[in-house]
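Number of protein chains: 2
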Amino acid sequence: MRTHELVLQWIEKQLSDGDLALGGRLPGERTMAEQLKVSRTSVREAVRILEAMGVVRAGVGSGKDAGTVVIAEPGSALGSTLRLHVATRHLPVADIVETRVLLESWAAERAQVGVPELAEAAELLDHMDVAPDIDTFLALDARFHVALAQAAGNTVVSAMMASLRGAIENYAGELTGNLPDWNATSARLRAEHRAILAAVNNNDGGKAAELVAAHIQGFYKEAGVGANPSPK
Amino acid sequence: MRTHELVLQWIEKQLSDGDLALGGRLPGERTMAEQLKVSRTSVREAVRILEAMGVVRAGVGSGKDAGTVVIAEPGSALGSTLRLHVATRHLPVADIVETRVLLESWAAERAQVGVPELAEAAELLDHMDVAPDIDTFLALDARFHVALAQAAGNTVVSAMMASLRGAIENYAGELTGNLPDWNATSARLRAEHRAILAAVNNNDGGKAAELVAAHIQGFYKEAGVGANPSPK
DNA sequence: TTACCACTGTGGTCTAACCACACTGTAATC
DNA sequence: GATTACAGTGTGGTTAGACCACAGTGGTAA
Chain P
5 MRTHELVLQW
15 IEKQLSDGDL
25 ALGGRLPGER
35 TMAEQLKVSR
45 TSVREAVRIL
55 EAMGVVRAGV
65 GSGKDAGTVV
75 IAEPGSALGS
85 TLRLHVATRH
95 LPVADIVETR
105 VLLESWAAER
115 AQVGVPELAE
125 AAELLDHMDV
135 APDIDTFLAL
145 DARFHVALAQ
155 AAGNTVVSAM
165 MASLRGAIEN
175 YAGELTGNLP
185 DWNATSARLR
195 AEHRAILAAV
205 NNNDGGKAAE
215 LVAAHIQGFY
225 KEAGVGANPS
235 PK
Chain G
5 MRTHELVLQW
15 IEKQLSDGDL
25 ALGGRLPGER
35 TMAEQLKVSR
45 TSVREAVRIL
55 EAMGVVRAGV
65 GSGKDAGTVV
75 IAEPGSALGS
85 TLRLHVATRH
95 LPVADIVETR
105 VLLESWAAER
115 AQVGVPELAE
125 AAELLDHMDV
135 APDIDTFLAL
145 DARFHVALAQ
155 AAGNTVVSAM
165 MASLRGAIEN
175 YAGELTGNLP
185 DWNATSARLR
195 AEHRAILAAV
205 NNNDGGKAAE
215 LVAAHIQGFY
225 KEAGVGANPS
235 PK
């Protein structure tokens, strides 16, 4: 077993045993190296991996943002991983879109009416109506979809859904510039969002799921990204 | 931007541009360091991250297994990431199980009859009938489920499904020892597998999906792991 | 022909140093 | 006394250079 894997194992055990919790701070790199009888290099390689996994965040200096602290951001980490695999041509974009449709329509169907995430989603829609530019709009759009997914109460599904979107963010982002009429598209998307949210709040999960599926497939299809029809 | 991120960016560009393909070999660490005008340490940190993502595999010595080669193993990489997040208590095991049920029943419903993966799945079932011990059985079981998921033709879904299982492998593995009667459980699981495969081959996707959901939930419930009923 | 062995290039590991950063406490100043 | 300036401390970030184990390669001696 390689040295940095030993360090990883040690840290994972600290987490499993509860000796190290979310928001907690890892010992300094030099301290860990001494304790585990390894070089600082190996410790750093382990920390890098954890950072790539979205398990820790490293900060220089001193104070609240300093040191290596335990976080929980699986979404961005999974997104980076998927993006790299898309780059290797191993994961087709169409499969990503199809999976996103699957997860997100599932979440829409099970969204719990009354949870704070839905209120947040509604607020985001208001902000999108006055978004000054496309990038702002897309950022708010991303947050809306995440909020909707979170309303279903399954952290794994919402994390994966966010990562799928993130993995092909650049793809879709580049293509929005090629749309024939952004204002028209934006208006349509916003109307669809409100319809989805209304269906959810009306306890019509089935309809919400259908609307979400059509919404996502429609967007990617218009943007020219392969979107499987995913026949029922 | 930190130095190793620069290296990562460079490698990702090589992949996106097609200058580096699956099965291809990265330049040596010393060579890359010199080309990019960075230290070998930074190059190594980038390679470590890619390795953790399942994008490359590093091998010492010389010959076919030597050097850093581009691979495509998103499943194990995502699995490790999820496992760590389970350790931080951020991802509940119940959510993992629920998501697995979602993905796997979706795949079962859409499995294409006649694809080689189904034939492989059938073979695996025969081997499971004569598995000498629990560990062998579980390994074959894992491969069966992956083959079934692959039969749906969505690489993202099958990779995620495999990673979900991997993330809680230890959990479930430890608990099998506590089962009251392994032989009875094994017999039941095997019968369920055959029923699932029969439904798929009979073009009855709906039934296959139901059977898969019940199969997975039943296993984790018996093993004592939180399994949400996921009501329709 | 065979067996041996030095050579080469790969990743794996370590040491020791220096840097930028951000806070902390002290000392000089007003 | 309050304010300012600054050295001190501990954090991660980066580098250079060395040595190791490993696995093929190719020459050389038996």
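As you go down the protein sequences, you meet chains P and G in turn.
Numbered continuously in the numbering used here, the first sequence closes out at residue 236.
Numbered continuously in the numbering used here, the second sequence closes out at residue 236.
Glycine residues also receive a C-beta, built at the ideal position from the N, C-alpha and C atoms.
Model, not experiment: these values are computed from the prediction.
Among the options, nearest to residue i - alpha-carbon criterion
i	options	result
residue 224 (chain G)	G:120, G:99, G:118, G:151	G:99
residue 24 (chain P)	P:129, P:140, P:74	P:74
residue 196 (chain P)	P:176, P:212, P:185	P:212
residue 160 (chain P)	G:156, G:146, G:167, G:158	G:167
residue 162 (chain G)	G:66, G:115, G:34	G:115
residue 109 (chain G)	G:152, G:72, G:146, G:77	G:152
residue 308 (chain G)	G:44, G:45, G:38, G:51	As shown, chain G starts at 5 and ends at 236. That puts residue 308 (chain G) outside it, with no answer to give.
residue 94 (chain P)	G:68, G:69, G:135, G:79	G:79
residue 89 (chain P)	G:106, G:198, G:77	G:77
residue 71 (chain P)	P:191, P:146, P:27, P:141	P:27
Coil, strand or helix - residue i by DSSP
i	result
residue 58 (chain G)	coil
residue 83 (chain G)	helix
residue 72 (chain G)	strand
residue 63 (chain P)	strand
residue 6 (chain P)	coil
residue 192 (chain G)	helix
residue 198 (chain G)	helix
residue 29 (chain P)	strand
residue 224 (chain G)	helix
residue 162 (chain G)	helix
residue 39 (chain G)	helix
residue 120 (chain P)	helix
residue 183 (chain G)	coil
residue 19 (chain G)	helix
residue 231 (chain G)	A caution first: residue 231 (chain G) carries a pLDDT of 48, below 50, which makes its placement in the model unreliable, though a value can still be read off. Coil.
residue 216 (chain P)	helix
residue 169 (chain P)	helix
residue 78 (chain G)	helix
residue 134 (chain P)	coil
residue 115 (chain G)	coil
residue 93 (chain G)	coil
residue 210 (chain G)	helix
residue 157 (chain P)	coil
residue 129 (chain G)	helix
residue 24 (chain P)	coil
residue 236 (chain G)	Low confidence applies to residue 236 (chain G): its pLDDT is 31, below 50, so where it sits in the model is not reliable, and the reading given next is rough at best. Coil at residue 236 (chain G), not helix or strand.
Alpha-carbon spacing of residue i relative to residue j, whole angstroms
i	j	result
residue 117 (chain P)	residue 207 (chain P)	7 Å
residue 170 (chain P)	residue 111 (chain G)	23 Å
residue 193 (chain P)	residue 29 (chain P)	42 Å
residue 40 (chain G)	residue 9 (chain G)	12 Å
residue 1 (chain G)	residue 125 (chain G)	There is simply no residue 1 (chain G) to check, as chain G begins at 5 and stops at 236 in what is shown.
residue 20 (chain P)	residue 32 (chain P)	20 Å
residue 42 (chain P)	residue 5 (chain P)	13 Å
residue 186 (chain P)	residue 176 (chain P)	13 Å
residue 49 (chain G)	residue 64 (chain G)	17 Å
residue 218 (chain P)	residue 101 (chain G)	27 Å
residue 164 (chain G)	residue 143 (chain G)	17 Å
residue 227 (chain P)	residue 34 (chain P)	50 Å
residue 55 (chain P)	residue 179 (chain P)	30 Å
residue 92 (chain G)	residue 82 (chain G)	16 Å
residue 37 (chain G)	residue 148 (chain G)	43 Å
residue 139 (chain G)	residue 128 (chain G)	14 Å
residue 202 (chain P)	residue 155 (chain P)	14 Å
residue 204 (chain P)	residue 209 (chain G)	28 Å
residue 53 (chain G)	residue 58 (chain P)	12 Å
residue 173 (chain P)	residue 84 (chain P)	11 Å
residue 45 (chain G)	residue 15 (chain G)	16 Å
residue 132 (chain P)	residue 141 (chain P)	6 Å
residue 17 (chain G)	residue 47 (chain G)	15 Å
residue 136 (chain P)	residue 61 (chain P)	32 Å
Interface residues of chain G facing residue i [CB-CB closer than 7 Å]
i	result
residue 160 (chain P)	95, 99, 100, 103
Beta-carbon neighbours of residue i, restricted to chain G and to distances below 8 Å
i	result
residue 140 (chain P)	Ordered by position in chain G, no residue passes the 8 Å Cβ test against residue 140 (chain P), which lies about 24 Å from the chain.
residue 88 (chain P)	16, 19, 54, 57, 59
Proximal chain P residues relative to residue i, where beta-carbon distance stays under 7 Å
i	result
residue 4 (chain G)	Here chain G has residues from 5 to 236 only, and residue 4 (chain G) is not among them.
residue 81 (chain G)	85
* Proximal residues, the region 157–189 of chain G versus chain P, C-beta separation under 7 Å -> From the region 157–189 of chain G, only 158, 159, 160, 161, 164 have a Cβ closer than 7 Å to chain P.
* Residues of the region 192–222 of chain G whose Cβ lies closer than 8 Å to any Cβ of chain P, in chain order -> Correct list: empty, as no residue qualifies.
* Within 8 Å of chain G by C-beta, residues of the region 36–51 of chain P in sequence order -> Of all residues in the region 36–51 of chain P, 45, 48, 49 have a Cβ within less than 8 Å of some Cβ in chain G.
* Asked: In the region 102–127 of chain G, which residues sit with their C-beta less than 8 Å from some C-beta in chain P, listed in chain order?
  -> Hits within the stretch, in order: 102, 103, 106, 107, 110.
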